[in-house]
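Student: Just dropping this structure here.
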Amino acid sequence: MERHFVLESDVELTKADFTSDQMVKWCPGCGDHAILSSLLNVFPKTHHKKENICMVSGIGCSSRIPYYVDTYGFHGIHGRACAIASGVKLANPSLSVWINMGDGDSMAIGGNHLIHIVRRNLDVNITIFNNQIYGLTKGQYSPTTKFGQITKTSPYGTIDYPFNPAELIMGAQGTFYARALDVNPKLTTDIMLQAAEHYGTSVVEVLQNCVIFNDKTHAAITDREVRDDKTILLEHGKPMIFGKNRDKGIRFNGTSLEVVTLGENGITEKDLLVHDETTEDTGIHMMLAQMKGDFPVAIGVIRSVKKGVYTQMFEEQMEEVKAASKYKCVDDLLNSGDTWEI
Amino acid sequence: MSNSQVIKKDDLVVRFAGDSGDGMQLSGTLFSDASALTGNDIATFPDYPAEIRAPHNTIAGVSGFQVHVGSHIYSSGDKCDILVAMNPASFKSNLKWAKKGATIIVDIDTFTDEAIEKAGYTSDPFTEELMVAYTIVKAPISSFTKKIGQERGVDNKTADKCRNMFALGIIFYLTNKTLDHTFAYLERKFAKKPAVIELNKAVLTEGYEYADKLELIHSKIVEVAQADMPKGRYRNITGNVATAWGLLAAAERAGLKLFLGSYPITPATDVMIELAKHKALGAKVFQAEDEIAGICSAIGASYAGAMACTSTSGPGLSLKSEALGLAVMTELPLVVVDVQRGGPSTGLPTKTEQSDLNQALFGRNGEAPCIVVAASSSANCFYWAYNAAKLALEHMTPVILLTDGYLGNGTQLFRIPKVADLPAINPPIAKANDPDYMPYRRNPETLVRQWAIPGTEGLRHRIGGLEKEDGKGSVSTDPENHRKMVYNRQEKVNRVANYIPEQEVMGNPDADLLVIGWGGTAGALTLAVEEMNNEGKKVAYTHFNYIMPLPKNTEDILKKYKKIVVCELNCGQFVNYLRMNFPQYPMHQYNKVMGLPFEVSELKEMFNKILGE
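Have a look at this one:
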């Protein structure tokens, strides 16, 4: 049975209640502004007390976010947000813990912590701001930079194959993975709320633009003119339809996915895949998350499955052991086993 | 006991050596437990290889366990009075640890041509010279044990596992002890396997009776004096368990949950293993994915209001350096236990050294002072862990507790305290809705900031690794503010000296020589100084547990003595720290970097040399 430890607010809160007095110091036009706004919109909807929300970040532009939210917050060191947040949540399960990281922070220096927090399924919410570049250090390639891209540290083009974050999350048996776009704040807010409601580790990858060092990196799929044809919003229980004219779809053909046009060769909605975010097997979710090139890029909640949550098992194991133990205090332990008087 | 004469002695050292897997650690532990339960003071030290099971019958695979019993024991002893060697390799590699004239028990059945050669001998190991210098008992341990097994229908392989009991039986005879305690242990341990109990008891008894029939050793039976110690309830404890229990006691006394974020590493893992058992006492143990996650999770837990700790050894402390700086910057309480081992790099994982001192004092980027304290005996690891936690919580700063492999794995008698009698721990927790709360507002006397625990109403705040504005705690790059904050953090740690006891001097106060030690070498140094003074030499001794900050009277002590020698198991890290702080006082140094503790004999020789100069 699910046990939620986070305390709820007895008053209705608004976006303004969560906005801090600190000046936001991101570049004008940076995608981070939209993501912050989405987060501030989500918090009132979670009904958590302000005091029971804790933002944890690493290092990078996105990691400044704790300063801009009027809750408890911890600005950590590069790559370690997941590890710090694990301690926060385990020490104090009544906190709703939100981790914010960039692509370098979460998948280069912090890659190990990311896969392990996901593997354990701690009840925390992770947002990865993926702009495919190191922004705060001014433009070096990251683990998600496109192959061959010229950056300051790859003047002749990168020869690093990039990570698709979804593959890491699913490889680590993640229970929740969604992809959002900074240019669609309404969708981002909606996805973040689903992430907050997910019991376990939720990971939301936001495709975010770095206006200075990697401008338009996602433009080929996020620009208004192409977005409907180049992305597909996956919604649980709905057939996979996309396109400006809502006339394209995804279906299975043998062992792989295929883009089809409705009405062509007798294809109807019934031939299309219906999204099931709850399938335990990661196979189809992985295929959907990997779509690119001739396929539309999947956005929305791609995977949301139920699984035992570390935080709860941690607490319950302590309760069970305590109930059965002969040790009620440290004095009992000190005097246990072989002791004698001198 | 037949017509044997029993020799009374103040102390006795017994060393058990054999192939890894011969059960030498268990024999040693059972002998030390039985000795403690029959009223002796004890100290033990295991000496095992880094490999779990190195090739059979090789020197690399030899595992040892030394037990020192007597009336008042400071250390596990230099050389042994009785050596048990279960195969040729252990005989060869441990002979150097036997005193001249020692009694040596060997399992003669294992001395086959092949095994003798594998141990590196080119001729008969038992030279005439050796047979004269020592009392060597060639006991047919394997064949006796097999025979007992066969009588009970037990296969040879199973019976072979009881060989250590035969050897232990001989030792009990030689030390004039009964088998009762070990019988009781076997009955507890194998409660569901009566056949195993009977087999082990039979082998143990056979060893004892074998010794009784052996005229050769009847003049060697020793009865060790009873412990001469303060009255109280005692138990046997290893340094690592004592460390874990000290942390548990501190959390209970402070009214906080204990959180340990840690990663397995020799020789510190036992701290985590012990705490993982005690969920009933509120210990939250998180085995992290690496050393960095170990300390970072602890920092997160500390921010969230737990008494947070991480345990490690040298290589792990290196990995934790950056995060330690974060704990310094965020001024959060944190206990870092470093059970030191031989370095650098992987070094000597199972051997002891004191070479992480520089790393503990200085191993971080920026001006990043931490409190550094060191335990000096296996048993007092309990108090130093408790003390480290108290200092961290009350002064809102990371504290590095240095122990070492010798203390951590060694055992000692521990006088059991009552938790209520331990000093109170009062962390500066901020009160809900305090209108004056600011993250970096300081207590003017201690310079300690308040601890506002997430979840508390009206204290929402953000902290992190960026430099913070004095008081308010917003991010600040102001030059004057940075200067002020650097000095605040340093001065906060310096002022801890106002809350710690003065450094004490033992031995002869009018001495010609002051001996200085720190950390895990106290046993050998205390005994060496005591013996020197008994021999009419004038030697004083001071042992440091508080390293950063140093006790306030440190200089008063240094200036009183003409000659000073600082002894440590590294190349001179503490002596150089003292020289840095007190350059006006010349100091000798005595260093050992062999992965081994000091021996009393080498210390005395060196003290005499300095006195004679």
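Here the protein sequences line up with chains A and B, keeping their order. According to the working numbering, the first sequence holds residues 1 to 342 in order. According to the working numbering, the second sequence holds residues 343 to 955 in order. For every residue, glycine included, the Cβ atom is placed at its ideal position computed from N, Cα and C.
#1: Do you know offhand how far Phe940/B's Cα is from Leu764/B's?
#2: Between Phe18/A and chain B, is the shortest Cβ-Cβ distance under 8 Å, so that the two count as touching?
#3: At what residue ranges does the region 715 to 747 of chain B contain a whole run of the beta strand (DSSP E), taking only runs of 3 or more?
#4: So with CB distances below 7 Å, who are the chain B contacts of Cys54/A?
#5: Can you have a look at Thr175/A and say buried or exposed, based on whether 16 or more other CB atoms are within 10 angstroms of its CB?
#6: So with CB distances below 9 Å, who are the chain A contacts of His414/B?
#7: Mind pulling the chain A residues with CB within less than 7 Å of Asp632/B?
#8: If you scan the region 59 to 104 of chain A from start to end, which runs of the alpha helix (DSSP H) of 4 or more residues do you find wholly inside it?
#9: Check for me: the alpha helix (DSSP H) holding Arg357/B runs from which residue to which?
#10: Would you list the residues sitting across from Pro239/A in a DSSP beta bridge?
#11: Give every residue of the same chain whose Cβ lies closer than 7 Å to the Cβ of Thr400/B, excluding the five residues on either side of it in the sequence, and list them in chain order.
#12: Keeping to the same chain, check which residues put their C-beta closer than 6 Å to that of Gly491/B; ignore five residues upstream and five downstream.
#13: Spell out the partners DSSP gives Cys909/B in its beta bridges.
#14: Taking Gly73/A as the query, report the chain B residues whose CB atoms sit under 7 Å from its CB, ordered along the chain.
#15: For Met874/B, name the three-state secondary structure that DSSP assigns.
#16: Which same chain residues end up closer than 6 Å to Thr221/A when comparing Cβ atoms and leaving out the 5 residues on each side of it in sequence?
#17: Please identify the residue among His737/B, Leu749/B and Gly495/B whose C-alpha is closest to the C-alpha of Asn722/B.
#18: Only counting the same chain, and skipping five residues up and downstream in sequence, which positions put a Cβ closer than 6 Å to that of Gly495/B?
#19: Beta carbons nearer than 8 Å to chain A: which residues of the region 568 to 583 of chain B have them?
#20: Could you run through the region 375 to 393 of chain B and flag, in chain order, every residue whose CB is less than 8 Å away from some CB of chain A?
#21: Would Gly813/B and Tyr779/B qualify as a contact pair, given that the criterion is a beta-carbon distance under 8 Å?
#22: Would you call Ile446/B buried or exposed, if buried means 16 or more other Cβ atoms sit within 10 Å of its Cβ?
#23: Quick check on Lys810/B: buried or exposed, where buried means 16 or more other Cβ atoms within 10 Å of its Cβ?
#24: Judging by CA-CA distance, which residue of Val474/B, Gly462/B, Asp420/B and Phe508/B is the nearest neighbour of Met366/B?
#25: Does DSSP classify Gln629/B as helix, strand or coil?
#26: By a C-beta neighbour count over all protein chains shown, 10 Å radius and 16 as the cutoff for buried, is Val555/B buried or exposed?
#27: Does the beta carbon of His398/B sit closer than 8 Å to a beta carbon anywhere in chain A?
#28: Rounded to a whole number of angstroms, what is the C-alpha to C-alpha distance between Phe886/B and Val838/B?
#29: Does any C-beta atom of chain B lie closer than 8 Å to the C-beta of Ile232/A?
#30: In the DSSP output, what is Ile250/A paired with across the bridge?
#31: Whole angstroms is fine: what's the gap from Ala444/B's alpha carbon to Thr477/B's?
#32: Alpha carbons only, please: which of Gly111/A, Asn100/A, Leu7/A and Glu264/A is nearest the one belonging to Gly171/A?
#33: What first and last residue would you give for the beta strand (DSSP E) that runs through Ile447/B?
#34: Taking Cβ-Cβ distances shorter than 9 Å, what residues in chain B pair up with Glu280/A?
#35: With DSSP as the reference, label Tyr463/B as helix, strand or coil.
#36: Does DSSP classify His414/B as helix, strand or coil?
Tutor: From the atom records:
#1: Their backbone Cα atoms lie some 32 Å apart in a straight line.
#2: No, no contact with chain B.
#3: Here the runs fully enclosed are 740 to 746.
#4: The contacting residues are Pro796.
#5: Thr175/A counts as buried, since at least 16 other C-beta atoms from the protein chains shown sit within 10 angstroms of its C-beta.
#6: Residues of chain A passing the Cβ test: none, with the nearest at roughly 12 Å.
#7: Under the 7 Å cutoff, chain A gives Asn112.
#8: Runs of the alpha helix (DSSP H) inside the region 59 to 104 of chain A: 81 to 91.
#9: Segment Asp353 to Asp361 is the beta strand (DSSP E) holding Arg357/B; no alpha helix (DSSP H) there.
#10: Answer is Val274/A.
#11: Here Thr400/B has Ala431 and Lys460 as same chain residues with Cβ atoms under 7 Å from its own Cβ, once five neighbours each way along the sequence are excluded.
#12: Closer than 6 Å at Cβ, skipping near neighbours: Ala501.
#13: DSSP output for Cys909/B lists Tyr932/B as bridge partner(s).
#14: Chain B residues near Gly73/A: Arg804.
#15: Helix.
#16: In the sequence under discussion, the amino acid at residue 221/A is Ile, which differs from the Thr named in the question. Here the set comprises Lys230, Thr231 and Val297.
#17: When each option's Cα is compared against that of Asn722/B, the closest is Leu749/B.
#18: Taking C-beta separations shorter than 6 Å and ignoring five residues to either side along the sequence, Gly495/B has no partners in its chain.
#19: Flagged, chain order: Ala569, Met571, Pro572, Lys573, Gly574, Arg575, Tyr576, Arg577 and Asn578.
#20: Those residues of the region 375 to 393 of chain B that come within reach of chain A (Cβ to Cβ, closer than 8 Å) are Asp375, Ala378, Leu379 and Gly381.
#21: In terms of Cβ geometry, Gly813/B and Tyr779/B do not form a close pair [threshold 8 Å].
#22: Ile446/B should be labelled buried.
#23: By the neighbour-count rule (16 or more Cβ atoms within 10 Å), Lys810/B is buried.
#24: Ranking the options by Cα distance to Met366/B, first place goes to Phe508/B.
#25: In the structure shown, the three-state DSSP call for Gln629/B is strand.
#26: As written in the sequence, residue 555/B is Lys, which differs from the Val given in the question. So Lys555/B counts as exposed.
#27: Taking Cβ atoms only, chain A never reaches closer than 8 Å to His398/B, which makes this a no.
#28: If you take the alpha carbons of Phe886/B and Val838/B, they lie about 15 Å apart.
#29: It does not; no Cβ of chain B falls within 8 Å.
#30: In the DSSP assignment, the residues bridged to Ile250/A are Val259/A.
#31: Going by the C-alpha atoms only, they are around 6 Å apart.
#32: Residue Gly111/A is the option with its Cα nearest to Gly171/A.
#33: Start and end: Ala440 to Asp449.
#34: Going along chain B, no residue has its Cβ under 9 Å from Glu280/A, so there is no contact; the nearest lies around 24 Å.
#35: DSSP places Tyr463/B in coil when its eight states are reduced to three.
#36: Three-state result, His414/B: coil.
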